[in-house]
Amino acid sequence: MPHDADIRESLLQAEFAGRHHLDCFPVGAAAKSPHAMRYAALSGWRAENIAVLLPLLRAQCKRMGQLPPETLLGGSDVLPSGRYAGEWSASCTALQSLTSFDALKGRRFIEKWFRPYLLTDSAEITGYYQPVFQASLTRGGAYKVPLYARPADLTTTTDSKGQQQSGRWVKGVFEPYLDRAHIDHGALAGQGLEIAWLKSSVDRFFLQIQGSGILQLPDGRRVAVAYDGRNGQPYVPLGREMVRDGLLNTGSVSMDSIRAWLEAHPSDAQPYMERNPNYVFFRLEGAASAFGPKGALGVPLMPWRSVAVDRTTLPLGLPLWVQTSLPLQNGSTEHWQHMVLAQDVGTDIRGVGRLDLFTGSGEQSAYVAGHMHASGRIIMLLPRSENVIGAAQ
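Per this note's numbering, the sequence shown runs over residues 11 to 403.
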């Protein structure tokens with residue numbers, strides 16, 4: 011389905027809390043060397059306004075500057091540059107000297123400091139968004155479904171393959187944490203972990219799928235909640251289960267159709283949701299901002315400009331030129347080509363050319379995220395080192 015298993019991870023703030031290196035990122039398998047291109051070959055490039063990305067570029071350059079130069083940001087080992095934090099110093103230093111730039115200066119800056127390489131002509135692109143739910147910070151009335159903070163005994167470890175695993179230690183053995191069914195039936199109740207209360211377990215389920223969201227409080231305030239860990243249990247796509255049981259047709263599976271079925275069958279909804287044992291915990295982030303939640307790089311995501319990637323294929327922070335199409339609510343599609351930044355990851359984002367576009371919050375954002383499953387073209391914009399910069403290509 012378009013967006014079935016995109017549970018957000020926060021590598022810097024959760025999985026790697028307190029670490030100074032990202033060199034435990036798994037490195038991608040051997041791949042073909044990327045094909046260099048010229049900017050003139052990028053459809054729509056001259057119409058792009060890079061200036062809107064200036065705040066995002068500054069934020070990620072600041073974050074990279076806090077990392078040791080040898081920090082591995084991810085990416086296949088065939089990439090000629092961009093995998094290590096130190097390889098961004100030249101372009102980030104040049105960015106600091108710019109107080110502002112317009113559309114033309116923005117394109118010239120990117121052309122000077124980044125070189126385009128074709129990643130794929132057969133990308134698979136989906137979307138995710140930041141949902142808004144009615145909630146209360148105290149239990150009462152319609153607000154009876156708890157949203158839990160990360161338990162104190164939930165931790166992470168590295169397995170024999172070098173992969174990060176979430177769970178807890180039980181008598182000297184590391185095992186996955188309590189599954190969804192146990193938690194839904196009160197295993198964590200009374201421990202003071204409740205950070206908010208929702209109106210329905212279906213709301214909580216979809217908030218966990220997105221990994222972050224906005225809570226609309228009864229007094230009109232809007233507060234953000236962010237991913238703060240998961241239980242380490244496997245993720246079971248609910249859409250796949252429903253298709254297998256004949257409840258939905260393959261072609262009609264979307265977030266909207268799944269939610270509609272769950273809400274129309276309240277007595278069956280809970281057992282179905284519990285088929286997915288994976289469970290996500292949250293933390294309160296304060297007042298909701300115009301930007302999105304913090305992604306894997308540790309900077310706020312920008313709607314329509316931040317994407318989740320497979321970090322074994324692409325390094326975090328990398329600019330990408332994406333050509334694809336967006337689904338419209340009238341049933342048609344719209345051609346879409348823009349520069350985005352690789353700033354997040356997701357459990358279902360795996361493989362070369364697999365992208366997840368962050369669409370923000372609101373009705374349009376929810377529609378695109380729930381229905382987008384498009385093909386496309388992706389061009390990587392790899393940072394140049396200072397001593398090899400020449401004429402823009």
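Backbone N, C-alpha and C fix where the C-beta goes; we use that ideal spot for every residue, glycine too.
Only a predicted model underlies this, so the values are computations on that prediction, with no experimental measurement involved.
- With the rule of 3 Cβ pairs closer than 8 Å, the region 140-152 counts as touching the region 212-223.
- Beta bridge pairing from DSSP links residue 385 with 134.
- Inside the region 261-304, DSSP marks whole beta strand (DSSP E) runs of 3 or more residues at positions 290-297, from first to last along the chain.
- Residues 24, 160, 164, 176 and 291 of the same chain have their beta carbon placed closer than 7 Å to that of residue 239, with the five preceding and five following residues left out of the count.
- In chain order, 52, 349 and 389 place their CB closer than 6 Å to the CB of residue 331, counting only its own chain and leaving out the 5 sequence neighbours on each side.
- Counting of Cβ neighbours within 10 angstroms places residue 273 among the exposed residues, the total staying below 16.
- When 44, 123 and 232 are compared, the shortest CA-CA separation from residue 297 is found for 232.
- If only uninterrupted alpha helix (DSSP H) runs of at least 4 residues are considered, those enclosed by the region 51-83 are 64-75.
- Taking 8 Å as the cut-off, the Cβ atoms of residue 318 and residue 356 count as close.
- Beta-carbon to beta-carbon, residue 61 and residue 112 are separated by about 6 Å, close enough to satisfy the 8 Å threshold.
- When the Cα atoms are used, residue 109 and residue 391 turn out to be separated by approximately 22 Å.
- Counted as a single uninterrupted DSSP element, the alpha helix (DSSP H) harbouring residue 215 occupies residues 211-220.
- Here residue 85 has 93, 324 and 325 as same chain residues with Cβ atoms under 6 Å from its own Cβ, once five neighbours each way along the sequence are excluded.
- Here the alpha carbons of residue 154 and residue 294 stand approximately 18 Å from one another.
- For the pair residue 70 and residue 327, the CB atoms are nearer than the 8 Å cut-off.
- Under the rule that a run must span 4 or more residues, the alpha helix (DSSP H) segments found entirely inside the region 111-193 read 113-123.
- Within its own chain, the residues whose Cβ lies closer than 8 Å to the Cβ of residue 124, once the five positions on either side in sequence are excluded, are 101, 329, 391, 392, 393 and 394, listed in chain order.
- Counted as a single uninterrupted DSSP element, the alpha helix (DSSP H) harbouring residue 249 occupies residues 248-254.
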